Amino acid sequence: MAQSVVYADLRFAQVPTGRSSPCQVLETALCEDEADSPYENVQPGKAPAGPGTQGAQPAPGPWYQRRSVPAGLLGACLLLLATLLTLGLCYWQVTRRQQEASHAHAAERGRLSEQVSTQLELEQMDLELVRAREELQHAWLEGNSSRRELGHRNAELERVSGALGMVEKELQDVQGKLNASESTVSSLHTCMQTECCPSGWVLFKGKCLFISLEKKTWRESKTACEWKSALLLMQEPWESWELPHFMTAKNAEYWVGGIYYSLRNPVVWLNKLTNLIWCGLADSGKIWASYCSDKYPWVCEKAPVLSRTFDTLLPSLAKG
Numbered sequence: 008m009a010q011s012v013v014y015a016d017l018r019f020a021q022v023p024t025g026r027s028s029p030c031q032v033l034e035t036a037l038c039e040d041e042a043d044s045p046y047e048n049v050q051p052g053k054a055p056a057g058p059g060t061q062g063a064q065p066a067p068g069p070w071y072q073r074r075s076v077p078a079g080l081l082g083a084c085l086l087l088l089a090t091l092l093t094l095g096l097c098y099w100q101v102t103r104r105q106q107e108a109s110h111a112h113a114a115e116r117g118r119l120s121e122q123v124s125t126q127l128e129l130e131q132m133d134l135e136l137v138r139a140r141e142e143l144q145h146a147w148l149e150g151n152s153s154r155r156e157l158g159h160r161n162a163e164l165e166r167v168s169g170a171l172g173m174v175e176k177e178l179q180d181v182q183g184k185l186n187a188s189e190s191t192v193s194s195l196h197t198c199m200q201t202e203c204c205p206s207g208w209v210l211f212k213g214k215c216l217f218i219s220l221e222k223k224t225w226r227e228s229k230t231a232c233e234w235k236s237a238l239l240l241m242q243e244p245w246e247s248w249e250l251p252h253f254m255t256a257k258n259a260e261y262w263v264g265g266i267y268y269s270l271r272n273p274v275v276w277l278n279k280l281t282n283l284i285w286c287g288l289a290d291s292g293k294i295w296a297s298y299c300s301d302k303y304p305w306v307c308e309k310a311p312v313l314s315r316t317f318d319t320l321l322p323s324l325a326k327g
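This note's numbering puts the first residue of the sequence shown at 8, with every later residue one more than the last.
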């Protein structure tokens with residue numbers, strides 16, 4: 008039995024030069040013209056007539072179909088294989104692009120997360136900087152307040168120091184006066200024991216005073232004091248006018264060694280004869296102007312008789 012050989016002429020479309028994706032190649036192959044189909048040139052051969060044949064010929068239709076089925080199946084398998092390869096390549100490219108996009112998205116997300124973290128850190132640093140500035144401003148204000156308070160304290164300290172210096176000076180003066188008073192008391196006690204003033208005279212503030220009982224004019228009173236080796240009472244060296252308390256009674260009037268040039272002028276302690284008409288009169292402990300021709304009691308003064316050691320205390324007695 009003679010056998011025939013079936014050839015399949017498969018043609019694939021040429022891919023144009025340049026970059027083309029597998030999907031584009033598949034589309035080109037599927038859209039190929041039917042005139043280029045590999046099944047057009049397949050012709051079934053006829054079996055030669057042999058001696059054993061009885062002239063019976065097989066029908067051309069069924070034999071053609073049996074030979075066409077494997078060739079079509081092979082073409083379909085090849086086409087399916089090419090399609091699968093193309094789809095696999097497309098899937099691989101899409102998967103790789105998705106992975107790249109996923110990696111890029113992850114990198115972008117990491118970068119954005121880092122930026123957000125950096126922004127949060129910057130905001131936190133800004134808050135800390137604002138807080139630090141507020142604390143610095145508060146500390147500066149407290150420093151200024153402390154400096155002002157320190158200035159006030161220093162001024163108060165200087166004032167207190169000055170007042171303390173004055174108090175110390177006054178204390179020294181008081182202490183000196185106290186010492187002088189103690190010396191005066193001691194000296195007066197000594198003077199009273201030794202009778203440093205004549206009989207009938209009174210020791211008062213370092214002076215021996217004679218208070219008369221009779222009345223005379225100012226000139227006559229001055230002459231009477233001179234007969235006693237004394238002068239009419241004067242303020243010097245006392246700092247202020249002062250008399251014993253029994254001479255400051257009301258209506259107690261005595262001639263003293265003061266004169267007036269006029270009633271508008273103050274008293275002048277000038278213990279000498281003048282032609283003035285106004286003379287000094289101690290009335291109730293104060294000095295007044297009175298006619299020199301009037302007659303009043305008078306007060307004489309003279310220095311006490313002291314020892315040599317007591318001579319140095321005389322100024323203190325006069326000021327005390």
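Just so it is clear, CB atoms sit at the ideal spot from N, CA and C, and this is done for glycine as well.
Predicted, not measured: the structure shown is a model, and the values here were computed from it.
Between the C-alpha atoms of TRP262 and CYS203 there is a straight-line separation of about 24 Å. A Cβ-Cβ separation of about 16 Å leaves GLY292 out of contact with LEU239 under the 8 Å criterion. For GLU260, the uninterrupted beta strand (DSSP E) run begins and ends at 260-267, by DSSP.
Taking the C-beta atoms as reference points, GLY265 is found nearer than 7 Å to TRP276. For ALA296, the beta-bridge partners assigned by DSSP are GLY287. The Cβ atoms of GLU308 and LYS214 lie closer than 7 Å to each other. One alpha carbon belongs to LEU171, the other to GLU163, and they sit about 12 Å apart.
For CYS232, the enclosing alpha helix (DSSP H) begins and ends at 225-234.
The three-state secondary structure of LYS309, taken from DSSP, is strand. Remark: C-beta atoms of SER228 and TRP305 approach each other more closely than 7 Å.
Here VAL123 carries a helix assignment [DSSP, helix/strand/coil].
In this structure, DSSP gives LEU220 a state outside helix and strand, which the three-state scheme calls coil. Between THR230 and ASP301 the beta-carbon gap is near 16 Å, outside 8 Å, which marks them as no contact. Spatial neighbours of ALA310 in its own chain (CB-CB distance under 6 Å, excluding positions within 5 residues in sequence) are not present. If you draw a straight line from the Cα of LEU88 to the Cα of ALA111, it comes to about 34 Å. In this structure, DSSP gives CYS84 a helical state, which the three-state scheme calls helix.
DSSP places CYS204 outside both helix and strand once states are collapsed to three, so it counts as coil. Residue pairing of LEU210 in beta bridges, as defined by DSSP: CYS215. The C-beta of ALA296 has 16 or more other C-beta atoms within 10 Å across all chains shown, which makes the residue buried. Between the alpha carbons of LEU283 and LYS212 lies a distance of about 30 Å. In the DSSP secondary-structure assignment, VAL275 is bridged to ILE266.
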